[in-house]
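*Asks:* Mind having a look at this structure? Questions to follow.
Chains as they are written, first to last, in my numbering: chain A, 1 to 91; chain B, 92 to 108.
Dropping the structure here:
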């Protein structure tokens, strides 16, 4: 696994705004994950071509947050989702 | 909103139940 992978949503997995819950939901076959605002912001930045470092830099600028903190949180979040097989991480 | 640790929480779906 690369230290700077390209995250992408696998086929059959998509982001959806759940109007009942008023939150973004990651829908996957046989699974759904409700996201908080930060989780939704990370996954909204996942376009299948941007590397993790690019996504982290964008989010750190948008939230005016320390790059190291954003990088650590994003990597942990995406690796957790990859372990659940609801996101792909390509080298 | 300030940056904080992101959260993704599983929702029970029909298959799992």
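Don't be surprised by glycine CBs; every beta carbon is placed ideally from N, CA and C.
Are the C-beta atoms of residue 79 of chain A and some chain B residue less than 8 angstroms apart?
*Replies:* To locate residue 79 of chain A, count along the first chain from 1; it is residue 79. Judged by the 8 angstroms Cβ criterion, residue 79 of chain A is not in contact with chain B.
*Asks:* Is the beta carbon of residue 52 of chain A sitting closer than 8 angstroms to the one on residue 78 of chain A?
*Replies:* Locating residue 52 of chain A in the first chain gives position 52, counting from the first residue. Locating residue 78 of chain A in the first chain gives position 78, counting from the first residue. Yes, they are a contact pair.
*Asks:* Among A:13, A:74 and A:31, whose alpha-carbon lies nearest the alpha-carbon of residue 102 of chain B?
*Replies:* Position 11 of the second chain holds residue 102 of chain B. It is A:31 whose Cα lies nearest to the Cα of residue 102 of chain B.
*Asks:* Answer yes or no: does any C-beta atom of chain B fall closer than 8 angstroms to that of residue 111 of chain A?
*Replies:* Past the boundaries of the shown model lies residue 111 of chain A; chain A is included only from 1 to 91, so the question cannot be answered.
*Asks:* Within its chain, find whatever has a CB closer than 7 angstroms to the CB of residue 41 of chain A; leave out the 5 residues flanking it on each side and keep chain order.
*Replies:* Reading the first chain from its first residue, position 41 is the one you call residue 41 of chain A. Closer than 7 angstroms at the Cβ level, and outside the excluded window around residue 41 of chain A, lie 59.
*Asks:* Residues of chain B with a CB under 8 angstroms from the CB of residue 70 of chain A: which are they?
*Replies:* Translated into positions along the first chain, residue 70 of chain A becomes position 70. Under the 8 angstroms cutoff, chain B gives 94.
*Asks:* Here's the rule: buried if 16 or more other CB atoms are within 10 angstroms of the residue's CB, otherwise exposed. What is residue 99 of chain B?
*Replies:* For the purposes of this step, residue 99 of chain B is taken as residue 8 along the second chain, with counting starting at 1. Classification of residue 99 of chain B: buried, given that the 10 Å Cβ count is 16 or more.
*Asks:* What is the rounded straight-line gap between the Cα of residue 74 of chain A and the Cα of residue 20 of chain A?
*Replies:* The residue labelled residue 74 of chain A in the question sits at position 74 within the first chain. The residue labelled residue 20 of chain A in the question sits at position 20 within the first chain. Rounded to whole angstroms, residue 74 of chain A to residue 20 of chain A spans 27 angstroms at the Cα level.
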